Each structure stands twice: as structure tokens, then as C-alpha cells.
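Beneath this line is the structure, given in C-alpha cells, with notes to follow.
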Amino acid sequence: MISRIRSLGPALPVLATISFISQLGIAIMLPLLPLYGLSLGASPLQLGLMTSAFSVTNAFAQFGAGFALDRYGPRRFVSAGTAVYAVANGLIASAQSAIALIAFRGLAGIGGGTNLVSSQLYISQVADRTRLAFFNSVLSAARSAGSVFGPALGGLVAAGGDLRAPFLIVATTSSLAFVASLFLPRPQAVAHPSAAAGGTSGIFSRTVLTLLAGNLFLLIGFGGWVTTYAPFATERLGWSTFDVGIIFTVFGIGDITLGPWLGHLADRTGRRRMAVLASIPTFLFGFVLVFALPKPFFYVISFFTGAALTAYNGSWFALLTAAVPANRRGRIFGVVSAVAQTGTVIGALVASLLWQAFDVQWGIIVASFAALSAGLVLLTLPRELSPTRRDPAPAGTPA
0 MISRIRSLGP ALPVLATISF ISQLGIAIML PLLPLYGLSL GASPLQLGLM
50 TSAFSVTNAF AQFGAGFALD RYGPRRFVSA GTAVYAVANG LIASAQSAIA
100 LIAFRGLAGI GGGTNLVSSQ LYISQVADRT RLAFFNSVLS AARSAGSVFG
150 PALGGLVAAG GDLRAPFLIV ATTSSLAFVA SLFLPRPQAV AHPSAAAGGT
200 SGIFSRTVLT LLAGNLFLLI GFGGWVTTYA PFATERLGWS TFDVGIIFTV
250 FGIGDITLGP WLGHLADRTG RRRMAVLASI PTFLFGFVLV FALPKPFFYV
300 ISFFTGAALT AYNGSWFALL TAAVPANRRG RIFGVVSAVA QTGTVIGALV
350 ASLLWQAFDV QWGIIVASFA ALSAGLVLLT LPRELSPTRR DPAPAGTPA
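Here numbering that gives the first Met the number 0 is used: the first residue of the sequence shown is 0, the next is one more, and so on.
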């Protein structure tokens with residue numbers, strides 16, 4: 000496995016460093032975000048708007064950046080997006096009301112959206128096309144290494160009585176990621192020979208629209224889950240903030256230990272098949288929580304869910320990259336990601352409305368079915384050949 004990782008190229012260590020530092024801060028903050036909103040007097044609807052504001056601005060940033068990236072390239076957009084995200088989280092730590100928190104989360108969405116689509120394009124320009132799922136799984140493992148430490152640290156900091164401190168930590172880690180991004184090599188200098196290859200699918204093709212639907216469903220599930228998980232766990236199950244955060248650590252362990260292996264398996268045996276199978280643990284995760292099963296069951300399903308999300312995302316990105324023309328990847332990545340971000344808005348608002356009208360658990364149930372749909376919709380994709388046979392590596396390429 001180590002030799003396979005080394006063969007992925009010189010850009011990987013820098014990208015992995017950025018991913019680790021960024022995710023360390025995000026993992027500290029994300030599980031505590033709804034609790035921070037509640038401490039500022041936010042209603043359930045405002046919690047949904049807090050998630051939605053991030054997603055809306057994130058989508059607009061991805062859409063706009065996608066068109067600019069095809070012209071100017073992705074490297075400096077990675078740095079700019081990271082810098083904006085760092086500033087926004089510093090402002091979040093100073094918020095005095097739920098309205099201010101919503102506004103600053105919107106600013107963070109601009110930075111996050113710019114960084115996301117530019118990072119995707121950068122990867123597509125430097126990575127071996129036949130190993131895209133593996134490349135993305137390794138980066139996901141680097142992010143999860145940050146997740147292993149982040150939630151527990153955030154829970155301990157918040158347990159000290161200050162919910163603002165985690166957001167100051169996020170601002171600091173994002174600033175460090177910005178510095179690391181300045182050392183990204185130019186794509187032309189480190190690109191794999193197969194990276195320039197591309198498909199012929201346009202934005203309105205069956206393949207791209209199906210992949211868009213899959214990502215949309217996954218983000219609907221995410222929006223519903225992130226709005227309701229922490230309140231349900233603390234208010235209904237009596238969990239502490241440390242308990243809430245530690246689950247993200249379990250996600251990370253699953254990602255680190257199984258994620259790269261599943262990504263490699265997807266490249267070898269079929270990315271569509273892997274993405275479909277990966278939706279099953281994600282679906283079961285919510286029901287283990289709702290049925291209040293003993294914590295050991297929850298830890299086990301969290302472990303497999305972390306690995307499954309890595310497998311799904313790596314396979315999904317590889318399928319999209321292989322389908323679209325190289326000279327239009329930026330705009331297609333931007334449009335697909337921007338439209339899919341509405342899923343987070345839909346999921347957050349639906350979950351918060353169900354919470355207010357019925358009970359918080361219904362938001363988790365809707366999120367679970369949305370996650371399952373993210374995999375099932377990919378069954379309508381054309382059956383792919385083995386990626387290795389479909390996209391042979393050039394002679395002399397390291398195995």
C-alpha cells in the first residue's frame with residue numbers, strides 16, 4: 000500500500016498536508032455548531048438556516064469559480080478559498096447573535112466552495128486517471144487523520160464551558176492550511192500523462208445528470224443529519240458534548256483503515272458498484288441512533304460509515320472526472336457541485352421543519368433514506384468496464 004501511495008506523485012504530500020490541517024479544525028467545530036447556535040438563542044428553524052446559509056453561498060462560489068478555473072487554473076483559487084474560510088471562522092467566534100452566526104457561516108461558505116471546486120480540478124489535472132478513486136481515498140484518509148483528533152479535542156474544549164474556542168482553533172488551522180497551499184506545485188509540472196484524457200459527456204448528458212442526482216441525495220442526507228444529530232444525541236439520549244464529538248473520531252478511524260483500500264478496490268473492480276454498496280452502511284447509521292441501540296453498536300456502524308463515505312465520494316469523483324472533457328472540467332465540476340449543494344439546504348430545512356412539527360428523530364430518518372438513494376440512483380448509470388482495462392496506464396507508469 001505504501002508503494003502505491005508513493006507512486007501517486009509529488010503533489011499528494013502537499014495536498015494531504017492541507018487536507019489534514021483543514022479537517023483537524025473542521026472536525027473540532029462541526030459537531031458543536033448546532034450547540035453553539037443554541038447557546039446564542041437560535042430556534043430549530045434558525046439552525047436550519049445556519050446550515051443553509053453556508054450551503055447557498057458555497058454553491059454560488061463553486062458555480063462562479065468553476066468557470067474562472069478553466070481560464071486561470073486552480074492553484075491560487077485553493078489558497079484564496081482557504082484564506083476566506085479562515086477569516087470567516089474567526090468572525091464566527093465573535094458572533095453575538097444567531098443572525099450574525101448565520102451571516103458569518105455564509106461567508107465561510109464562499110471560502111469553502113471556492114476551495115472545494117478548485118481542489119477537485121487540481122486533482123483531476125495531476126492524478127492518474129485510472130487511479131482517481133484511490134488518489135481521493137488517500138486524501139480522505141489524511142482528512143480523517145485530522146478527524147480522529149479534532150472531535151475529541153473540540154469536545155474537551157467545549158466541556159470547559161466555552162463554545163467559542165473551537166471556532167478560534169478552526170481559524171488557526173485554516174490559516175496554517177493557507178500557508179501550506181502556497182507550496183502546491185504547478186499542475187503542468189507534476190501532471191500524470193493520463194490526466195489530460197477526458198470523456199465526451201456534457202453537463203446535460205445522462206451520466207453527468209445521474210451523478211448530480213447521487214451527490215444531491217447524499218447532501219440532502221448530510222444537511223438533515225448535521226441539523227439534528229447533536230440535538231438528538233444530547234437532548235434525547237443524554238450524551239455529553241464529548242460523546243457527540245467522539246463519533247467523528249470513529250468515522251475517521253474507519254476512513255483511515257479501510258478508505259484507501261476501498262478506493263483501490265473501486266478502481267480495480269468498478270466504481271459504480273462500490274458507490275452503490277457504500278450507501279448501505281450510511282443508511283443504517285441513522286436507525287442505530289434513532290433506535291437508541293447500545294453505544295458499541297453505534298461505534299461499529301460509525302466505523303463502517305466513515306469508510307463507506309470515503310468509498311462513495313472517491314468513486315463518484317472518479318466517475319465524473321472520467322466522463323467529462325478535460326478542457327471543460329472546471330465549469331462542469333462547478334455547476335454539478337453548486338447544484339448539488341442545494342441538497343444540504345433541502346435536507347437542513349426539511350429536517351428542521353419536521354423537528355418543529357413532529358419530532359427531531361424524523362430529520363434523522365429522512366437523512367438516512369436520502370443517503371440510501373444516493374447509491375441506488377447510480378444503478379441507472381451504464382455498466383462500466385473495469386477502470387484499469389478501460390483506461391490503460393501509459394508505458395513506464397509505476398504500478
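The C-beta atom is built at its ideal place from N, Cα and C for all residues, glycine as well. These numbers were taken from a predicted model, which means no experiment stands behind them.
Rounded to the nearest whole angstrom, the C-alpha separation of residue 234 and residue 90 is 28 Å. By the Cβ test, the region 325-340 is not in contact with the region 128-144, since fewer than three Cβ pairs between them sit closer than 8 Å. Ranked by Cα distance from residue 255, the options 38, 68, 17 and 305 are led by 305.
Following the DSSP letters along the chain, one finds residue 69 inside the alpha helix (DSSP H) bounded by residues 43-71. The three-state secondary structure of residue 204, taken from DSSP, is coil.
DSSP, read as helix, strand or coil, puts residue 238 in coil. Residue 161 carries a coil assignment under DSSP once its states are collapsed to helix, strand and coil.
Residue 342 is not a Cβ neighbour of residue 354, given a cutoff of 8 Å.
Residue 231 and residue 360 have their C-alpha atoms roughly 7 Å apart.
Sixteen is the threshold: when 16 or more other Cβ atoms of the shown chains lie within 10 Å of the Cβ of residue 266, as they do, the residue is buried.
With a cutoff of 8 Å on beta-carbon distance, residue 39 and residue 126 are scored as not near each other. Residue burial is scored here from C-beta neighbours: residue 71 has fewer than 16 other C-beta atoms within 10 angstroms and is therefore classed as exposed. Excluding the 5 residues flanking it on each side, residue 170 has same chain C-beta neighbours closer than 6 Å at 85, 88 and 89, in chain order. By the Cβ rule, the region 257-274 counts as touching the region 310-322, because three or more pairs are nearer than 8 Å. 108 is the residue among 42, 108 and 298 whose C-alpha sits nearest the C-alpha of residue 53. The beta carbon of residue 209 sits closer than 6 Å to the beta carbons of 379 and 380 from its chain, once the five residues preceding and following it are set aside; these are given in chain order.
According to the DSSP assignment, residue 269 belongs to no alpha helix (DSSP H), since it is labelled neither H nor E. Look at residue 359 here: in three-state DSSP terms it is coil, with no helix or strand label. Assignment of residue 126 by DSSP, reduced to helix, strand and coil, places it in the coil class. Rounded to whole angstroms, the gap between the alpha carbons of residue 223 and residue 372 is 14 Å. Membership of residue 33 in the alpha helix (DSSP H) is indicated by the continuous run 32-38. Under the Cβ criterion (8 Å, minimum of three pairs), the region 281-288 does not count as touching the region 178-187. For residue 14 against residue 351, the beta-carbon gap comes to about 35 Å, at or over 8 Å, which does not count as contact. In this structure, DSSP gives residue 243 a helical state, which the three-state scheme calls helix. Contact annotation: residue 337 and residue 164 have beta-carbon atoms that are not nearer than 8 Å. Going by beta carbons, residue 217 and residue 347 fall outside the 8 Å limit.
Distances from the CA of residue 132 to each of 80, 99 and 318 were compared; the closest alpha carbon is that of 318.
Apart from sequence neighbours up to five positions away, the residues of its chain that approach residue 60 with a beta-carbon distance below 6 Å are 109, 112 and 113, ordered along the chain.
Taken through DSSP and simplified to helix, strand or coil, residue 22 comes out as helix. The DSSP-derived three-state label of residue 340 is helix. The region 72-149 is shown to contain whole alpha helix (DSSP H) runs of 4 or more residues at 74-91 and 97-125, in chain order. Per DSSP, residue 231 is not a residue of any alpha helix (DSSP H), being assigned neither H nor E.
For residue 376, there is no enclosing alpha helix (DSSP H), since its DSSP letter is neither H nor E. In terms of Cβ geometry, residue 302 and residue 258 do not form a close pair [threshold 8 Å]. Taken through DSSP and simplified to helix, strand or coil, residue 216 comes out as helix.
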